[in-house]
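The structure appears below as structure tokens.
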Amino acid sequence: MTKTIPKPKPVSIEALWQSTSTSDRYFNPALLTQLPTTARRYLEHAIAPDTPLASAVRLWMHGDIKLGEKWRSFRGEEVICWHRGMIWRATTWMQGLPIWGADRIVDGVGDMEWKILGLFPVMKAAGEDVTRSGVGRLQGEAVWLPSVLCQPDIVWAELNASQVQASFTTLGEPAHLTLTVSEAGTLECAKFQRWGNPEGAAYHYEDFGVQVEESGMFEGYTIPKRIRAGWFFGCDSPQGTLCDRFESKGEFFRCTIDQAIYR
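Shown next, in the form of structure tokens:
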């Protein structure tokens with residue numbers, strides 16, 4: 288008789304947060320002297336001196352998400368644990384009914400599940416493509432955890448006076464994150480290639496990005512506070528001009544960070 292092995296219970300957002308200990312390393316701008324000018328300008332603005340170099344962040348947010356052709360408001364919470372993954376859980380509403388759900392990529396496994404009233408499924412997805420796309424999301428969200436971009440395995444390349452590219456690998460997936468930075472060091476946008484199927488066709492790598500509309504400081508970190516994000520992201524010029532396709536077809540997420548804590 289074959290014994291059925293029970294499926295392991297998914298890691299909770301609280302368990303993921305508690306799995307990270309408080310950092311005992313602190314930010315020292317003097318350690319950035321070998322970095323390109325734009326990278327140094329960004330990190331010195333993003334992290335205050337003597338701030339603990341966190342490996343995790345917990346965010347509370349609100350905003351709007353595009354489901355089909357309609358924008359719907361949401362409230363959400365997210366934990367990013369750089370070496371394990373991320374969990375984003377949120378509540379939105381459809382025809383007056385709450386839809387609860389979560390997107391996650393933890394320990395190399397990604398999935399998403401959304402339910403009306405927490406009972407009736409409206410969307411569920413898992414598998415290799417969902418996992419790879421989730422890793423891409425994690426890579427882009429390094430902008431909310433800029434301390435990880437101080438790690439020695441980050442390879443920086445100056446593209447021009449206002450753009451720099453950070454190359455690294457997260458959970459086995461390579462990333463090339465292009466940051467557009469103002470003269471003051473403020474992050475204006477971030478762009479990278481993310482695995483997905485935004486047009487409903489076969490999965491492939493497509494431009495994805497975040498437009499920063501407002502920054503804010505939380506526990507020594509100056510991070511994007513209000514953003515727009517989505518596919519077909521055009522931010523190739525020094526001015527960070529968005530392309531029409533992003534605004535008409537690709538943008539699906541807008542949010543404001545209400546609180547952020549680090550460890």
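When you line the sequence shown up against our numbering, it's residues 288 to 550, in that order. C-beta atoms are modelled at their ideal positions from N, C-alpha and C, and glycine is treated no differently.
Glutamate 534 bridges to which residues according to DSSP?
Sequence index remark: in the sequence shown, residue 534 carries index 247 (1-based). Note: glutamate 534 sits in no beta bridge, so no partner.
Buried or exposed: tyrosine 492, going by 16 or more other Cβ atoms within 10 Å of its Cβ?
Here residue 492 refers to the residue found at position 205 of the sequence shown. By the 10 Å Cβ count, tyrosine 492 comes out exposed.
Measure how close the beta-carbons of valine 451 and tyrosine 313 come, nearest whole angstrom, since I'm counting them as under 8 Å.
Here residue 451 refers to the residue found at position 164 of the sequence shown. Here residue 313 refers to the residue found at position 26 of the sequence shown. About 23 Å; that fails the 8 Å criterion.
Since leucine 425 is in the alpha helix (DSSP H), which residue starts that stretch and which ends it?
As a working mapping, residue 425 is identified with position 138 in the sequence shown. Element bounds for leucine 425: 415 to 427.
Any idea which residues DSSP pairs valine 430 with across the strands?
Mapped onto the sequence shown, residue 430 falls at position 143. The partner list for valine 430 (beta bridge, DSSP) is empty, contrary to what the question assumes.
Pick from His463, Ile386 and Ile334: whose alpha carbon is nearest that of valine 409?
Within the sequence shown, residue 409 is the residue found at index 122, counting from 1. Checked all of His463, Ile386 and Ile334; the closest Cα to valine 409 is Ile386.
For tyrosine 549 and proline 339, believed in contact at Cβ under 8 Å, the rounded distance
For the purposes of this step, residue 339 is taken as residue 52 along the sequence shown, with counting starting at 1. For the purposes of this step, residue 549 is taken as residue 262 along the sequence shown, with counting starting at 1. Rounded, the Cβ-Cβ distance is 7 Å, consistent with contact.
Just list the residues that DSSP pairs glycine 487 with in beta bridges.
Stepping through the sequence shown from its first residue, residue 487 is reached at position 200. Per DSSP, none; premise fails for glycine 487.
So is aspartate 311 buried or exposed if we call it buried at 16+ other beta carbons inside 10 Å?
Within the sequence shown, the letter at position 24 stands for residue 311. In summary, aspartate 311 is exposed, with fewer than 16 beta-carbon neighbours lying within 10 Å of its beta-carbon over all protein chains present.
Cβ-based burial, glutamate 475 [other Cβ within 10 Å; buried from 16]
Sequence index remark: in the sequence shown, residue 475 carries index 188 (1-based). Buried, because 16 or more other Cβ atoms sit within 10 Å of the Cβ of glutamate 475.
Which of helix, strand or coil does DSSP assign to isoleucine 300?
Locating residue 300 in the sequence shown gives position 13, where the first residue counts as 1. The answer is helix: DSSP assigns isoleucine 300 an H, G or I state.
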